[in-house]
Amino acid sequence: MKLSIAHLSGDGVGPEVTKQAVKCLQVVGEIFGHKINFKEALVGEVAMAKTGEALPDSTLKLCKESDAILFGTVRNSKNNRDLDGIMKPESGLIKLRKELELFANIRPVKVFPSLIEKSPLKKSVIKGTDFVVYRELIGGIYHGDKSINKEKTVATDVCTYSESEISRIAHLAFKAAKVRRNKVSLVDKANGLETSRLWRRVVNKISESYPEVTLEELFIEEAVMEMILRPKQFDILLTSNMFGDILSDEGGVIGGSIGLLPSASVGDKYALFEPIHEVLLHQKGTNKANPIASILSAAMILDHFGLDEESRAIVIAVLKSMKKGIVTPDIEKESTYGTEEVGDYIASKITDSEENLTFSRENIWLGKSTII
Ligand code: IPM
Ligand code: MN
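Take the sequence shown: its letter number 65 is residue 252 in the numbering used here, and every next letter is one higher.
Written out as structure tokens, the structure reads:
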């Protein structure tokens with residue numbers, strides 16, 4: 188297969204972690220005989236410094252011409268939060284998602300067996316955790332009208348959802364549940380928000396077309412609590428943009444480090460893959476950032492294009508690094524392995540051997556979560 192990938196490393200630890208993901212994809216290309224080409228483009232604060240825009244037109248153009256986007260993180264400087272400016276680095280990512288109509292952000296949360304002791308939660312609570320957050324990504328409060336009065340004493344963010352916006356991601360969530368454990372948990376605030384009541388109406392109606400899938404409804408405050416108390420109960424969590432942002436970071440804590448979790452943002456035409464963590468500025472340039480979220484995002488790219496065996500080869504190499512203790516200091520405090528060493532080790536363990544084919548199904552991390 189021929190794949191062209193737009194590599195938008197961005198700011199913070201983005202360049203360091205995506206470099207490892209690129210390395211792994213290059214190895215996959217060599218071993219499995221695929222032509223995977225990368226083209227780099229600017230986004231975020233580095234783009235602002237060079238072009239004045241967080242999302243230059245040339246970057247958007249490249250993304251539209253590519254099969255997939257490998258994204259790092261955005262924001263480089265801690266102290267220059269220009270609260271009034273519209274050209275904040277994050278706007279580059281938010282605009283890119285909107286322009287490409289990446290309406291579904293898919294964030295799998297699974298506890299890695301060999302890291303189970305690293306979680307702040309009890310082993311008995313988290314063992315077997317395996318859920319996926321389906322977060323609506325281009326609507327809701329992130330994208331509604333925003334305003335502040337002249338005196339800067341009153342501000343407004345409008346939250347709007349339409350039936351069609353809810354319905355397209357809901358269908359994806361139900362389809363995903365059908366090939367998993369047949370359960371969708373809708374997370375909202377229907378006791379306070381009109382948009383949440385619309386979500387409930389639309390999702391309930393859609394659930395009638397998926398009789399094998401059980402639908403449950405939870406308020407956001409219940410969901411955050413249940414996720415910590417009984418994470419195993421969840422299969423697919425379906426939710427709006429802002430609640431999904433919060434829930435997926437919370438999910439990152441369960442497995443011991445947010446540096447482990449990948450994500451896919453998909454629409455009808457384009458797909459973007461990025462870690463769920465943010466810039467981790469304190470780790471920038473220290474070779475300490477965990478590259479696994481980005482490497483698993485690369486595995487999700489392969490999964491998205493139906494390259495199951497290739498995706499599995501990356502996941503298995505990741506599992507081997509964990510088993511061997513070749514991990515960054517966020518996992519093992521005393522570890523002397525850095526971003527680069529962990530990336531090298533994982534890349535060196537990618538093979539198309541029999542061992543991978545017979546690796547227990549249970550250990551396979553991603554599954555077909557990103558296929559629309
Ligand atoms: C994420 C991030 C972004 C978001 C930021 C960087 C705009 O937190 O992808 O979760 O809030 O969506
Ligand atoms: Mn976030």
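No residue lacks a Cβ here, since even glycine has one placed at the ideal position from N, Cα and C. All figures in this text were calculated on a predicted structure; none of them were measured in a lab.
Bounds of any beta strand (DSSP E) do not take in K310; it lies within the alpha helix (DSSP H) bounded by K310 to I313. In this structure, D422 has its beta carbon at no less than 6 angstroms from each heavy atom of the ligand IPM. Under DSSP, Y321 forms a beta bridge with I293 and L425.
Taking the Cβ atoms as the reference, F258 lies roughly 4 angstroms from E461, within the contact range of under 8 angstroms. Spatial neighbours of E497 in its own chain (CB-CB distance under 6 angstroms, excluding positions within 5 residues in sequence) are listed in chain order as V215, F219 and L489. Look at F258 here: in three-state DSSP terms it is strand. Beta-bridge partners assigned by DSSP to K333: D344. Contact between G239 and V261 is ruled out by a C-beta separation of about 15 angstroms, above the 8 angstroms threshold.
Under the three-state reduction of DSSP output, V411 falls in the helix class.
S372 places its beta carbon 7 angstroms or farther from that of L416. With a cutoff of 6 angstroms, D198 does not count as near the ligand MN, since its C-beta is closer than that to no heavy atom of the ligand. Excluding residues up to 5 positions away in sequence, F318 and G438 lie with their Cβ nearer than 6 angstroms to the Cβ of V296 in the same chain. For T382, the enclosing alpha helix (DSSP H) stretches over residues E381 to S394. For the ligand MN, a non-hydrogen atom lies closer than 6 angstroms to the CB of D432. S191 has its alpha-carbon roughly 14 angstroms from the corresponding atom of L247. Taking the C-beta atoms as reference points, I313 is found no nearer than 7 angstroms to A360. The alpha-carbon separation between S354 and M414 amounts to approximately 25 angstroms.
Nearest to L249 by alpha-carbon distance, out of A236, A228, S264 and V411, is A228. Annotation for L402: V371 and S394 place their beta carbon closer than 6 angstroms to its own, counting only its chain and skipping 5 residues before and after. Around the beta-carbon of V400, 16 or more other beta-carbon atoms lie within 10 Å, marking it buried. Contact check between the stretch 449-460 and the stretch 367-387: fewer than three CB pairs, one atom from each, fall below 8 angstroms, which does not count as touching. Remark: the shortest separation between the CB of E304 and any heavy atom of the ligand IPM does not fall under 6 angstroms.
Comparing C-alpha distances from T316 to each of R322, L302, E323 and N474 shows the shortest one belongs to L302. G454 sits in coil when the DSSP states are folded into three classes, being neither helix nor strand. About 22 angstroms separates the beta carbons of R322 and N477, which is beyond the 8 angstroms limit, so they are not a contact pair.
DSSP links E497 through a beta bridge to no other residue. Taking C-beta atoms as the reference points, V204 and S481 count as a pair closer than 7 angstroms.
In this structure, E277 has its beta carbon less than 6 angstroms from a heavy atom of the ligand IPM.
For I335, the number of other beta carbons within 10 angstroms of its own is below 16, and it is reported as exposed. Closest in C-alpha terms to D198, from the list E277, P243, S245 and I223, comes E277. When the Cα atoms are used, L308 and S444 turn out to be separated by approximately 12 angstroms.
Per the C-alpha coordinates, the member of H491, V514, K275 and K265 positioned closest to V230 is K275. Its Cα nearest to that of G446, the residue V200 stands out among S196, V200, R368 and N292.
Residue pairing by DSSP places H194 opposite E227 and L257 in a beta bridge. The criterion of a C-beta distance shorter than 7 angstroms is satisfied by L287 and Y457. Contact annotation, I325 with R284: C-beta distance approximately 6 angstroms; criterion of less than 8 angstroms satisfied.
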